[in-house]
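In what follows, a single structure is set out as structure tokens and then discussed.
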Amino acid sequence: MSYTYLLDLYSLIEKRTGQATARIQSGCLHDSAVEFQRGRLEMLRQFRIFLTDNYNSKLPRRIRRNFSVKG
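Going by my numbering, the sequence shown opens with residue 37, and the numbers climb by one from there.
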């Protein structure tokens with residue numbers, strides 16, 4: 037069975053996390069937009085933890101190491 041869907045989800049989470057972080061650091065957002073981006077970052081972090089806790093065991097061991105939760 038192919039687990040590319042998990043790899044795609046991890047890639048998408050990393051991409052969206054980078055985008056949200058860049059928007060916050062740009063400094064051109066209103067306070068409400070900054071709070072929205074912080075909430076988005078927290079949601080992405082929680083989703084990554086959920087994937088790691090529930091689906092990482094389905095990945096091959098050598099790939100699993102690359103997607104452990106950092107921070």
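Ideal Cβ placement from N, Cα and C applies to all residues, glycine included.
Return the CA-CA distance between residue i and residue j, expressed in angstroms with no decimal places.
| i | j | result |
| --- | --- | --- |
| T88 | L45 | 11 angstroms |
| G149 | K94 | Residue 149 lies beyond the stretch modelled for the chain, which goes from 37 to 107, so this question has no answer here. |
| R81 | C64 | 24 angstroms |
| L42 | S62 | 30 angstroms |
I need the DSSP call for residue i, collapsed to helix, strand or coil.
| i | result |
| --- | --- |
| L77 | helix |
| L110 | In the structure displayed, the chain extends from 37 to 107; residue 110 sits before or after that span and is not available. |
| L95 | coil |
| G107 | For G107, the predicted structure reports a pLDDT of 47, less than 50, and the residue's modelled location is therefore unreliable. A value from the coordinates is still provided. It is coil, neither helix nor strand. |
| Y41 | helix |
Applying the 10 Å Cβ sphere with the 16-neighbour rule, what's the burial state of residue i?
| i | result |
| --- | --- |
| R74 | exposed |
| A58 | exposed |
| R98 | exposed |
| A56 | buried |
When you measure from the CB of residue i to every non-hydrogen atom of the ligand HEM, does any distance come out below 8 angstroms?
| i | result |
| --- | --- |
| L77 | In the structure on display, the ligand HEM does not appear, and there are no ligands present to speak of. |
In chain order, what residues of the same chain have a beta carbon less than 8 angstroms from the beta carbon of residue i, not counting five sequence neighbours either side?
| i | result |
| --- | --- |
| R100 | N92, S93 |
| A69 | R59 |
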